[in-house]
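Enquirer: The structure is given below, and queries will be raised subsequently.
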Amino acid sequence: MTKETLSRRTVLCRGVGLPLGGLIVASGLSNIANAADKVCADPAKMDSGQKSIRDSLHYVEKAPDPTMSCKGCGFFVEPKDGCGTCQIFQGPANPEGHCDSFGPRG
Ligand code: SF4
103 MTKETLSRRT VLCRGVGLPL GGLIVASGLS NIANAADKVC ADPAKMDSGQ KSIRDSLHYV
163 EKAPDPTMSC KGCGFFVEPK DGCGTCQIFQ GPANPEGHCD SFGPRG
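The working numbering applies: residue 103 is where the sequence shown begins, and numbers increase by one.
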C-alpha cells in the first residue's frame with residue numbers, strides 16, 4: 103500500500119471540483135424541474151378556435167396518468183425548447199400533458 107501525498111494542486115483541484123460538480127448537478131436537476139413545470143399551451147395566448155378544440159378534447163398540461171402523457175402519444179412531435187407539438191391541435195403540447203385523443207406510439 104502506498105502512502106498518498108497531497109500536493110497543493112491536488113488539494114486545490116479537489117476543493118474546487120467537488121463544489122463545481124455539485125453546482126452542475128443542481129443546475130441539471132433545475133432544468134429538468136423547469137421543463138416539467140413549464141406551461142406549453144397557455145390558453146391566454148390562444149385564439150378561440152385553439153381553446154375550443156383543446157377544451158373539447160380535455161387537454162391538460164399534466165396527465166393524470168403519466169403512462170398516457172403526450173410524450174408517449176403517436177400525435178406528439180418531440181420538443182425543441184421543452185415543449186412539443188401536437189399534430190391534432192397543430193400547436194404546442196406539454197410532453198407531460200394529455201387529452202382525450204391520446205393514442206400510444208406504435
Ligand atoms: S393528441 Fe392529445 S395526448 Fe396526443 S400529443 Fe396531442 S394533446 Fe397530447
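Where is the CB? At the ideal position from N, CA and C, for every residue including glycine. In this text, all values refer to a predicted model and were calculated from it rather than measured experimentally.
Anyone know if the C-beta pair for P145 and H200 falls short of 8 Å?
Expert: No, the pair does not count as a contact, with Cβ atoms beyond the cut-off.
Enquirer: Express the C-alpha separation of C185 and R192 in angstroms, rounding to a whole number.
Expert: Position check: residue 192 holds Gln in this sequence, whereas Arg was assumed. For Q192 and C185, the distance between alpha carbons rounds to 13 Å.
Enquirer: For V179, which residues does DSSP report across the bridge?
Expert: Per DSSP, T187.
Enquirer: Please report the residue range of the alpha helix (DSSP H) in which G151 lies.
Expert: From DSSP, the alpha helix (DSSP H) with G151 extends over 150-158.
Enquirer: Quick one: what's V162 bridged to in DSSP?
Expert: Paired residues: H200.
Enquirer: Should S154 be counted as a contact of ligand 1 given a C-beta to heavy atom distance under 7 Å?
Expert: No.
Enquirer: For S129, which residues of its own chain have a beta-carbon under 7 Å away from its beta-carbon, when the five flanking residues on both sides are left out?
Expert: With a pLDDT of only 40 at S129, under 50, the local geometry of the prediction cannot be trusted, and the value read off the model is given with reservation. Cβ neighbours of S129 beyond the five flanking positions: none.
Enquirer: I think F177 touches G208, with their Cβ atoms under 8 Å apart; what is that distance to the nearest whole Å?
Expert: Going by Cβ atoms, the distance from F177 to G208 rounds to 11 Å, so no, they are not a contact pair.
Enquirer: Any heavy atom of ligand 1 inside 7 Å of the beta-carbon of G193?
Expert: Result no, Cβ not under 7 Å from ligand 1.
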